[in-house]
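Student:
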Amino acid sequence: MLTVRDIINDHFVDGQCFIVVEQNDTRLNLIANSSSTYDLNIKVMSCSCRLWQKSGIPCAHACRGIQLNMGNVEEYVDNMMFVSNFWSMYAPSILELPKEHALKWHAGEIVLPSMTQRLEVVSAKGSNEIAANTVNQRTAIHSHSATNNLQVHIVL
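Given below as structure tokens:
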């Protein structure tokens, strides 16, 4: 899973190819090698590519502009991306589970060996003959997960 820092690092790498054409305080006009231009306003956290406004994370153009202005990119990430904001919004509505349904943390400590059992192979013609060739035989592996649910895996 990508974190915001991972995305910002990718945007920093992508943003190295942009050149500032015009700068007016916190407003910048950037150009790429393909002659595409991007209007960037660091103060209002917007870019003409609209990625910054949509995701809340500075786009590659914004990362380049913030870097050129000697700013800290993490200060320009929208508040909705912070875990503390998530918790303050959703924590009051999350109810505690009753004790009988509480998670059993000790369940992950038990590791049961897998059991194997050979199954009959149904040939392509539909007959129930057991194939003599071991390459065509299937093996079912029965195991128990940490939550004691039976899992069956078919290995070809």
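Just add 645 to wherever you are in the sequence shown, counting from 1, and you've got the numbering used here. Glycine is no exception: its CB is placed at the ideal position from the N, C-alpha and C atoms.
#1: Give every residue of the same chain whose Cβ lies closer than 6 Å to the Cβ of L673, excluding the five residues on either side of it in the sequence, and list them in chain order.
#2: Where DSSP assigns a beta bridge to T682, which residues make up the other side?
#3: Where does Y735 land, buried or exposed, given buried means 16+ other C-beta within 10 angstroms?
#4: When DSSP labels each residue in this structure, what does V722 get in the three-state scheme?
#5: Does the Cβ of H706 have 16 or more other Cβ atoms within 10 Å, making it buried, or fewer, making it exposed?
#6: Roughly how many angstroms separate the alpha carbons of S759 and L647, rounded to a whole number?
#7: What separation, rounded to the nearest whole angstrom, lies between the Cα atoms of S681 and E667?
Tutor: Looking at the atomic coordinates:
#1: V665, L685 and G710
#2: I676
#3: exposed
#4: coil
#5: buried
#6: For S759, the pLDDT reaches just 49, beneath the cut-off of 50, and the residue's location in the model is therefore unreliable, leaving the point undetermined.
#7: 14 Å
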